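J.:
Chains as they are written, first to last, in this note's numbering: chain V, 1 to 117; chain H, 1 to 113.
Printed below as a string of structure tokens:
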């Protein structure tokens, strides 16, 4: 039972354009969402997060949007740069607000982003 | 700070052998985690710990054991290696108390033949 899904295995974008990565979830108890970035032969690194009480969070070139009614979130990267080429994982946790999640995360399968110069 | 370190980087095991994957963090984080990542899949939680002496199962704990005798170290033990345990293993840590931003180690690639 895949509770967090990233249905696009890969995405190819031209440098300077917008990259939009999508993520869907099924568990209505999820209340905190994160995006991680992973380069080959390295561990994932935290990129940006959003609480379920918000619908948008921005950090420089990265913006995450949350649509709770659709159980959907997306990561926008504007403008995209070749250094953004990596695997992007969406992750979610339940019980964040009450501190009962113990930080446990459920990850999506990942989307490989390639930004062409 | 070295962050989260993992050893070894790569290991080949024969079926039935055992080994311990080492993980250490120097950020004084209370929470630590072990994940495995299979090809084309996301990370799945094996075990986690909320402090020294406290561990609990994650989503895929079968075939693994953990211990947490210190804040810094969180080793993962494979007792009887099976081909299904061929994977990349990641250790992570976080401050805890709702701080889900986890910091990951570089991973250990394990091949069981």
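Where is the CB? At the ideal position from N, CA and C, for every residue including glycine. Source: prediction; values computed, not measured.
1) Shortest alpha-carbon distance to residue 28 of chain V belongs to which of V:85, V:94, V:44 and V:8?
2) What residue from H:12, H:24 and H:2 has the CA that sits closest to residue 75 of chain H's CA?
3) Could you tell me the alpha carbon to alpha carbon distance between residue 43 of chain H and residue 47 of chain V, rounded to whole angstroms?
4) Which class does residue 96 of chain H belong to by DSSP, given the choice of helix, strand or coil?
5) Under 9 Å, CB to CB, which of the residues in the stretch 18-47 of chain H have a partner in chain V?
6) Please list the partners that residue 46 of chain V has in chain H, where partner means a Cβ-to-Cβ separation under 8 Å.
7) Run through DSSP, which three-state label would residue 3 of chain H get?
8) Hey, out of H:89, H:45 and H:84, whose CA is closest to residue 10 of chain H's CA?
9) Using a C-beta cutoff of 7 Å, does residue 16 of chain H count as contacting chain V?
T.: Inspection of the coordinates gives the following:
1) V:94
2) H:24
3) 16 Å
4) strand
5) 31, 33, 35, 37, 40, 41, 42, 43, 44 and 45
6) 101, 102 and 103
7) coil
8) H:89
9) no
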